[in-house]
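Novice: There's a structure below that I have some questions on.
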Amino acid sequence: MSTSKDNWFYEHFDTAGTAFGLRLKQKLEEVQTEYQHIEMWETDTFGYLMTIDGATMLSTRDNFLYHEMMSHPVLFSHANPKRVIIIGGGDCGTLREVLRHPGVEKATQIDIDEMVTRLSEKYFPELCESNNDSRAELLFEDGVQYMRNCEDGSVDVIIVDSTDPVGPAEGLFKADFFRDCHRVLADGGIIVQQSESPLLHSDTIIKDLHKNMREAGFSSTQTLPFPQPVYPSGWWSCTLAGKNTDVAAFRETDATGKGFETKYYSAAMHKGALVMPPFMEKAIKG
2 MSTSKDNWFY
12 EHFDTAGTAF
22 GLRLKQKLEE
32 VQTEYQHIEM
42 WETDTFGYLM
52 TIDGATMLST
62 RDNFLYHEMM
72 SHPVLFSHAN
82 PKRVIIIGGG
92 DCGTLREVLR
102 HPGVEKATQI
112 DIDEMVTRLS
122 EKYFPELCES
132 NNDSRAELLF
142 EDGVQYMRNC
152 EDGSVDVIIV
162 DSTDPVGPAE
172 GLFKADFFRD
182 CHRVLADGGI
192 IVQQSESPLL
202 HSDTIIKDLH
212 KNMREAGFSS
222 TQTLPFPQPV
232 YPSGWWSCTL
242 AGKNTDVAAF
252 RETDATGKGF
262 ETKYYSAAMH
272 KGALVMPPFM
282 EKAIKG
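Following our numbering, the numbering of the sequence shown begins with 2 at its first residue and continues without gaps.
Here it is, written out as structure tokens:
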């Protein structure tokens, strides 16, 4: 639930008994699509803010944390990623990060709602600068259905850059979806899924992700926490699963000499993120 009052935007996390707020300058526009209600705001200190159905999606100031951690750890964990699929990710920030890797030959982004991309092109053009890259393919359709129709063993990396596990994104957290992903990935392939807050969801959503991924046939799983101020608790995570490969290992030398600039991701940050706090390990294994 969200409210805007006295020039502030508030997102209330009723189940956790917390809230997050940003001081506003103005509402820029809002659109009701076939799938969801999208609003664009100009904030006082975080630049532009996109919300979907009242939930914060991204801001100008801190989106780099999420986009870098959803892309670079999984790509440097794969031996030689060439074919990448992004499910969701309509703001195109993850696509931009993926295409910074010169070895990637094709990156297909599948988001169900085209309006997310069109508004991002308008308000977050820096995130969309790779949309016209010859290696990029943008599709606007159901990601779950797309994976059902994909050829076996045709993909190296799958990035599930989804919203919360409700509404259009609910199916992206289910075991059936991960079974399709396992089938579509080539041997040594890796999937990464945004996995909500370590503080609020370790014993629910994150635990269930590990279970569903393992049941789908993945041989290794690993959750990487990272900061994300605009999301519930200010602390977020992504969870990797490997098909006959260890996702707790990565190409550290390549990550160190990656050849492009990042604001948060580095080989050292990747290495540190692999160390989960004891309470998370206990919750996931319990």
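Just so you know, even glycine gets a beta-carbon here, dropped at the ideal spot from N, CA and C. No experiment lies behind these values; they were computed from the predicted model shown.
#1: Would you identify the three-state DSSP class for Glu211, choosing helix, strand or coil?
#2: Evaluate Arg24 with the Cβ neighbour count: other Cβ atoms within 10 Å of its Cβ, from every protein chain shown; 16 or more gives buried, anything less gives exposed.
#3: Out of Arg215, Ser196, Phe21 and Ala108, which has the shortest C-alpha to C-alpha gap to Asp177?
#4: Less than 8 Å between the CB atoms is what I'm expecting for Thr246 and His211, so what's the real figure, rounded?
#5: On the criterion of 16 or more Cβ atoms from any shown chain inside 10 Å, does Ala137 qualify as buried, or is it exposed?
#6: Starting from Gln229 and walking both ways along the beta strand (DSSP E), at which residues does that stretch end?
#7: I need the straight-line Cα distance from Ser238 to Ile86, nearest angstrom please.
#8: Around the Cβ of Pro226, are there at least 16 other Cβ atoms within 10 angstroms (buried) or fewer (exposed)?
#9: So what does DSSP say about Lys286, is it helix, strand or coil?
#10: Please determine, among Ala284, Gln195 and Pro199, the residue with the shortest C-alpha to C-alpha distance to Pro74.
#11: What is the DSSP secondary structure of Glu262, reduced to helix, strand or coil?
#12: Comparing alpha-carbon positions, which option in Leu275, Cys93, Ser198 and Val231 lies nearest Ile52?
#13: As a quick exercise: from Gly260, Ser234 and Thr257, pick the residue whose alpha carbon is nearest that of Phe14.
#14: What residue range is occupied by the uninterrupted alpha helix (DSSP H) comprising Tyr67?
#15: The alpha helix (DSSP H) with Glu122 in it runs from where to where?
#16: Fully enclosed by the stretch 37-61, which beta strand (DSSP E) runs are 3 residues long or longer?
Specialist: With the given structure in hand:
#1: Here residue 211 refers to the residue found at position 210 when the sequence shown is read from its first residue. Note that residue 211 is His in the sequence shown here, rather than Glu. DSSP places His211 in helix when its eight states are reduced to three.
#2: Residue numbering aside, residue 24 sits at position 23 when the sequence shown is read from its first letter. An exposed status is given to Arg24, since fewer than 16 other beta-carbon atoms sit within 10 Å of its beta-carbon.
#3: Along the sequence shown, read from residue 1 onward, the residue named residue 177 stands at position 176. Looking at Arg215, Ser196, Phe21 and Ala108, the one whose alpha-carbon comes closest to that of Asp177 is Arg215.
#4: Start at 1 with the first residue of the sequence shown, and residue 246 comes out as number 245. Start at 1 with the first residue of the sequence shown, and residue 211 comes out as number 210. Your pair Thr246 and His211 does not check out as a contact, with CB atoms roughly 16 Å apart and the cut at 8 Å.
#5: As a first step, residue 137 must be located in the sequence shown, where it is residue number 136. By the neighbour-count rule (16 or more Cβ atoms within 10 Å), Ala137 is buried.
#6: By one-based count along the sequence shown, residue 229 stands at place 228. From DSSP, Gln229 is part of no beta strand (DSSP E); its letter is neither H nor E.
#7: As a first step, residue 238 is located in the sequence shown; it is residue number 237 there, counting from the start. As a first step, residue 86 is located in the sequence shown; it is residue number 85 there, counting from the start. When rounded, the distance between both Cα atoms is 19 Å.
#8: Along the sequence shown, read from residue 1 onward, the residue named residue 226 stands at position 225. Around the beta-carbon of Pro226, 16 or more other beta-carbon atoms lie within 10 Å, marking it buried.
#9: Taking the first residue of the sequence shown as position 1, residue 286 is located at position 285. Reduced to three states, the DSSP call for Lys286 is helix.
#10: The residue given as residue 74 occupies position 73 in the sequence shown. Residue nearest to Pro74 within the set Ala284, Gln195 and Pro199 is Gln195 (criterion: CA-CA distance).
#11: Within the sequence shown, numbered from 1, the residue matching residue 262 stands at position 261. Three-state DSSP puts Glu262 in coil, outside helix and strand.
#12: Taking the sequence shown and counting its residues from 1, the one referred to as residue 52 is at position 51. According to the sequence provided, residue 52 is Thr. The question's Ile does not apply to it. Ranked by how close their Cα comes to the Cα of Thr52, the residues Leu275, Cys93, Ser198 and Val231 have Val231 in first place.
#13: To locate residue 14, count along the sequence shown from 1; it is residue 13. Ranking the options by Cα distance to Phe14, first place goes to Ser234.
#14: Taking the first residue of the sequence shown as position 1, residue 67 is located at position 66. Looking at the DSSP string, the run of the alpha helix (DSSP H) that includes Tyr67 is Asn64 to Ser78.
#15: For the purposes of this step, residue 122 is taken as residue 121 along the sequence shown, with counting starting at 1. Glu122 -> alpha helix (DSSP H) spans Glu115 to Tyr124.
#16: With a minimum length of 3 residues, the unbroken runs of beta strand (DSSP E) contained wholly in the stretch 37-61 fall at 38-44, 49-53 and 56-60.
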